[in-house]
Amino acid sequence: MIHFLLTPNLLPMHLAFSVATLISLSFFCTTVVMINRERLKQTFVELCEIESPSRKEGEVAWYITKVFRDELGHEVVTDDSSQETGSETGNLVVRIEGTNGDTLAPLLFNAHMDTVGPTEGVKVLFEDGIFRTDGTTILGGDDKAAIAILMEVARCLKEQDGQLLPPLEFLFTVCEEIGLLGAKALDASILRARAGYALDTTGTFNLINRAPCAIRFSVKVHGKSAHAGIAPEKGINAISLAARAISKVPLGRIDPETTANIGIIRGGKATNIVPDLVEIEGEVRSHSEDRLKKVQDQVLAPFHQLQWDFDPKGEGPVVQVDVIDDYPVLNVPEDHRLVTTAREAAASMGRELKVETTGGGSDANILCGKGIDTVILGIGMENVHTTDEHIALSDMVECARFILEIISKWGLR
Ligand SMILES: [Zn+2]
Numbered sequence: 001m002i003h004f005l006l007t008p009n010l011l012p013m014h015l016a017f018s019v020a021t022l023i024s025l026s027f028f029c030t031t032v033v034m035i036n037r038e039r040l041k042q043t044f045v046e047l048c049e050i051e052s053p054s055r056k057e058g059e060v061a062w063y064i065t066k067v068f069r070d071e072l073g074h075e076v077v078t079d080d081s082s083q084e085t086g087s088e089t090g091n092l093v094v095r096i097e098g099t100n101g102d103t104l105a106p107l108l109f110n111a112h113m114d115t116v117g118p119t120e121g122v123k124v125l126f127e128d129g130i131f132r133t134d135g136t137t138i139l140g141g142d143d144k145a146a147i148a149i150l151m152e153v154a155r156c157l158k159e160q161d162g163q164l165l166p167p168l169e170f171l172f173t174v175c176e177e178i179g180l181l182g183a184k185a186l187d188a189s190i191l192r193a194r195a196g197y198a199l200d201t202t203g204t205f206n207l208i209n210r211a212p213c214a215i216r217f218s219v220k221v222h223g224k225s226a227h228a229g230i231a232p233e234k235g236i237n238a239i240s241l242a243a244r245a246i247s248k249v250p251l252g253r254i255d256p257e258t259t260a261n262i263g264i265i266r267g268g269k270a271t272n273i274v275p276d277l278v279e280i281e282g283e284v285r286s287h288s289e290d291r292l293k294k295v296q297d298q299v300l301a302p303f304h305q306l307q308w309d310f311d312p313k314g315e316g317p318v319v320q321v322d323v324i325d326d327y328p329v330l331n332v333p334e335d336h337r338l339v340t341t342a343r344e345a346a347a348s349m350g351r352e353l354k355v356e357t358t359g360g361g362s363d364a365n366i367l368c369g370k371g372i373d374t375v376i377l378g379i380g381m382e383n384v385h386t387t388d389e390h391i392a393l394s395d396m397v398e399c400a401r402f403i404l405e406i407i408s409k410w411g412l413r
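Okay, so the sequence shown: first residue is 1 according to our numbering, each after it adds one.
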């Protein structure tokens with residue numbers, strides 16, 4: 001082997017390989033020592049202690065602008081989505097210039113600025129390496145951990161000037177927790193990247209490449225009110241009509257890819273009144289857009305049948321059906337550069353990437369629907385949307401390293 005390596009033809013290739021290995025190794029080593037745990041910890045605590053329920057993300061947006069624009073010198077733009085979302089601020093986009101002109105594809109990272117409640121007076125406790133609260137509020141690591149990690153990543157990139165770097169865009173959205181409103185209102189033309197990672201799920205070194213599309217529906221079933229004791233024959237019982245239809249609606253897990261649910265029913269005013277109105281709300285989700293449409297039709301068919309049975313001449317509304325497209329499908333194949341880059345990045349840290357499917361929708365679905373391939377990465381947060389929410393600093397440090405590795409692997413292609 002030595003003999004072959006030293007032959008004149010193979011020597012330059014061997015040297016080139018060594019240099020490339022050294023460069024990538026030295027980068028790997030620098031990323032390991034570079035993360036500033038104390039700085040990451042302090043940033044995270046400051047972010048969590050800013051209350052930011054949906055539509056009240058203004059102060060977090062100001063903090064983000066302060067770090068990325070004032071401290072690090074990057075461009076920060078705000079879109080005009082607040083008119084649509086009703087938030088104090090628009091979505092923010094941070095633009096970090098690449099170091100090699102336009103030869104490397106831009107890469108997006110996404111996090112949301114709002115949290116669920118309760119948020120009043122969030123006080124972060126740090127014990128045994130774990131962040132949590134006293135149990136009266138949520139922590140807000142969902143998704144402040146992602147924001148803090150991206151800040152640490154940007155600070156590290158600044159400190160290691162000269163590294164080959166793709167153009168980066170960090171998108172911080174509003175109103176994710178109340179129906180992905182910020183992402184939905186985003187004008188995607190302000191982004192150059194056409195691929196990205198949303199940092200917004202539990203676990204570490206896991207990547208979600210499949211999430212369902214969904215619709216929501218509401219149905220109003222109209223009857224006719226009458227006194228239930230004196231003249232019941234003059235009434236039409238809307239609860240009875242609705243029950244007749246609901247008993248025929250397919251619900252639960254319809255097939256391995258598709259689920260359907262009726263989650264809300266309202267109707268009736270008193271026991272002595274024949275009810276004249278029932279309102280029903282539900283949803284259908286599927287990993288297949290085709291199946292979504294088919295199951296949506298099956299779910300709504302019994303209500304249309306009710307209309308037909310009780311009002312064949314179309315004289316008055318018996319049933320009114322409304323359908324809202326909630327979010328589009330997220331389906332990024334495993335051989336997509338987003339997945340292979342993350343897998344290589346994890347492997348370079350001695351970790352194995354877990355590729356997963358989820359049953360819920362997030363900003364990543366909306367970005368996919370706007371033509372930006374997006375997968376979701378775990379950032380270590382646990383028990384989110386509860387007052388027992390917590391996250392380990394060591395997991396956040398690992399995640400920041402992982403992101404730096406992804407950026408370096410993306411850049412080296
Ligand atoms: Zn989240």
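Backbone N, C-alpha and C fix where the C-beta goes; we use that ideal spot for every residue, glycine too.
| Asked | Found |
| --- | --- |
| Is the beta carbon of S52 closer than 7 Å to that of M419? | With the chain represented from 1 up to 413, any question about residue 419 goes unanswered, as that position is not in the structure. |
| Any heavy atom of ligand 1 inside 6 Å of the beta-carbon of D200? | yes |
| Among P166, T89, E389, L168, whose alpha-carbon lies nearest the alpha-carbon of E57? | T89 |
| To the nearest angstrom, how far is the alpha carbon of M381 from that of A400? | 13 Å |
| Report the three-state DSSP secondary structure of F416 (helix, strand or coil). | Not covered by the structure: residue 416. The range shown for the chain is 1 to 413. |
| What are the boundary residues of the alpha helix (DSSP H) that R55 is part of? | Neither: R55 is in no alpha helix (DSSP H) and is coded neither H nor E. |
| Given the structure, does D322 come close to ligand 1, in the sense that its CB is under 6 Å from one of the ligand's heavy atoms? | no |
| Excluding sequence positions up to five away, which residues of its chain have a Cβ less than 6 Å from the Cβ of A195? | L338, D373 |
| I'd like to confirm something about I114: is its beta-carbon nearer than 6 Å to some heavy atom of ligand 1, or not? | Sequence check: residue 114 is Asp here, not Ile. The answer is no for D114. |
| Just reading off the alpha helix (DSSP H) that D309 is part of, what are its end residues? | 289-310 |
| Compute the minimum distance between the beta carbon of D297 and the heavy atoms of ligand 1, and state whether it is under 6 Å. | no |
| Report the partner residues of T435 according to the DSSP bridge assignment. | Only positions 1 to 413 of the chain appear in this structure, which leaves residue 435 out of reach. |
| Along the chain, which unbroken stretches of the beta strand (DSSP E) at least 3 residues long are found entirely within the segment 112-136? | 125-127, 130-132 |
| Using C-beta distances below 6 Å, list every residue in its chain close to A61, excluding the 5 sequence neighbours before and after it, in chain order. | T89, L92 |
| Would you call the segment 223-232 and the segment 334-354 in contact, with 3 or more CB pairs under 8 Å? | no |
| Can you tell which of Q307, I264, Y197, I239 has its C-alpha closest to the C-alpha of R216? | I264 |
| Please work out which residues of its chain come closer than 7 Å, Cβ to Cβ, to G431, disregarding the five sequence neighbours upstream and downstream, and give them in chain order. | What is shown of the chain runs 1 to 413, which leaves residue 431 out entirely. |
| Starting from A342, follow the alpha helix (DSSP H) in both directions and report where the run begins and ends. | 337-348 |
| With a threshold of 6 Å on Cβ separation, who are the neighbours of N206 within its own chain once the five nearest residues in sequence on each side are excluded? | K354, E356, G378 |
| Give me the Cα-Cα distance between I96 and I149, rounded to the nearest whole angstrom. | 15 Å |
| Quick check on the DSSP output: the alpha helix (DSSP H) that includes Q42 runs from which residue to which? | 37-48 |
| Ligand 1 and D143: does the residue's C-beta get closer than 6 Å to at least one heavy atom of that ligand? | yes |
| Tell me the DSSP bridge mates of T173? | H112 |
| How close, in whole Å, do the beta carbons of V174 and T78 come, if the pair is a contact with beta carbons under 8 Å? | Incorrect: roughly 10 Å between the Cβ atoms, too far for contact. |
| Report the residue from I391, P166, V397 whose alpha carbon sits nearest the alpha carbon of T201. | I391 |
| Looking at the structure shown, is Q83 part of a helix, part of a strand, or coil, going by DSSP? | helix |
| Keeping to the same chain, check which residues put their C-beta closer than 8 Å to that of G162; ignore five residues upstream and five downstream. | T99 |
| If we call anything under 7 Å between Cβ atoms a contact, is A111 one with D143? | yes |
| Need the endpoints of the beta strand (DSSP E) that K354 sits in, please. | 354-357 |
| DSSP has A392 in a bridge; who is on the other side? | I130 |
| With DSSP run on the structure shown, which of helix, strand or coil describes T7? | Residue confidence is low: T7 scores 36 on pLDDT, short of 50, so the model does not pin down where it sits. Its coordinate-derived value is still stated next. Three-state result, T7: coil. |
| Can you grab the Cα-Cα spacing for the pair D395 / A146, in whole Å? | 11 Å |
| Grab me the residues of K123's own chain with a C-beta within less than 8 Å of its C-beta, minus the 5 sequence neighbours each way, in chain order. | E49, T133, D134, T137 |
| Is the CB of H287 under 7 Å away from at least one CB in chain D? | Looking at the structure shown, chain D is missing, and only one protein chain is on hand. |
| Which term fits P106, buried or exposed, when burial requires 16 or more other beta carbons within 10 angstroms of its beta carbon? | buried |
| Checking 7 Å against the spacing of the C-beta atoms, do V278 and A238 come in under that value? | yes |
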